[in-house]
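The sequence shown finishes on residue 316 if you use our numbering, and the numbering steps up by one all the way, no holes.
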Amino acid sequence: ALLGSWVLVVRSRAWPIARASIVLLMRRWLFWVIFVVTAVPPFLFFFFVLYLFVWAEDQGGTAGQMGGFGFVRPEFLEAVAKGLKMDGSPETYRNFMSFEAYPVMILLALAGALLVGNDVRHNSLAFYLSKPISRWDYVIGKGIAVAFVINLITTFPAVILWLEYGFIKQKEYFLDQLVEKADLLVGILAYGAVLTVSLTCMLLAAATWLRRTVPL
101 ALLGSWVLVV RSRAWPIARA SIVLLMRRWL FWVIFVVTAV PPFLFFFFVL YLFVWAEDQG
161 GTAGQMGGFG FVRPEFLEAV AKGLKMDGSP ETYRNFMSFE AYPVMILLAL AGALLVGNDV
221 RHNSLAFYLS KPISRWDYVI GKGIAVAFVI NLITTFPAVI LWLEYGFIKQ KEYFLDQLVE
281 KADLLVGILA YGAVLTVSLT CMLLAAATWL RRTVPL
């Protein structure tokens, strides 16, 4: 279903607008600076902490050497993991997406100013609508570009964390609990879809309503 939807998107008249908008964002150095400073640290934190807690479980309750930091008691790490929900449960990925909320808001403000605000400000919308495209093609194209930013920060890293936890847990995660963990993956994708649809609609509405890009 996802592949079929993507084929329809690429073959639609909205795709050139979306592609040009994504390229415009990718060429802005400010976008990458904000992305690296705000969005990457939470992902790295979850990535390495998940690995650390699984390592603690594999120690079998005995103290283990953790690099050059001395011996660490696994039971202490397991208690911290349960307290922080760093155990591969649905709360783990929900908390990760919550941590990424602030980078999403910052980058969406930049995206709204670049993708929609500037078109309204510089009267570029008339240029788009002079082509054989409709208003819906324009809105969908810009929405796809915004959705790309949202999923780049939330859904895609969450799926990477899900795969990471599954590989370090090995067969007991993917094979013994396949149905349960497949439901968890569907939940991550569904939650990302809800974020994508709601935030995209809010951003496009705000960027159109606020004719100046500074309030964004």
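In this text, a Cβ means the ideal position worked out from N, Cα and C, and glycines have one as well.
How should Y202 be labelled, buried or exposed, when 16 other C-beta atoms within 10 angstroms of its C-beta is the threshold for buried? exposed
Selected residue, minimal CA-CA separation from L295, among I260, R194, L284 and A213: Ranked by Cα distance from L295, the options I260, R194, L284 and A213 are led by R194.
Go ahead and pull the three-state DSSP assignment for I206. helix
C-alpha distance - N251 paired with L207, whole-angstrom precision: 12 Å
What does the Cβ neighbour count give for D283, buried or exposed, with the cut at 16 atoms within 10 Å? Looking at its Cβ environment, which holds fewer than 16 other Cβ atoms inside 10 Å, D283 is exposed.
For P232, count the other beta carbons within 10 Å of its own beta carbon; 16 or more makes it buried, fewer makes it exposed. Which is it? exposed
For chain C, check one thing: does any of its Cβ atoms lie closer than 9 Å to the Cβ of P190? The chain labelled as chain C is not found in the depicted structure, where only one protein chain is given.
Taking buried to mean at least 16 other C-beta atoms within 10 Å of its own C-beta, is Y265 buried or exposed? Result: buried.
If I'm right that A293 touches V249 with Cβ under 8 Å, what's the distance once you round it to whole angstroms? No, A293 and V249 are not in contact; Cβ-Cβ is about 15 Å, not under 8 Å.
If V204 sits next to A307, beta carbons under 8 Å apart, how far is it from one beta carbon to the other, in whole angstroms? Taking the Cβ atoms as the reference, V204 lies roughly 15 Å from A307, outside the contact range of under 8 Å.
Top-ranked residue by Cα proximity to P190, from V286, L303 and T300: V286
Quick check on F143: buried or exposed, where buried means 16 or more other Cβ atoms within 10 Å of its Cβ? With 16 or more other Cβ atoms within 10 Å, it is buried.
Could you name the residues of the same chain whose beta carbon sits closer than 7 Å to that of F199, not counting the 5 residues immediately before and after it, in chain order? P142
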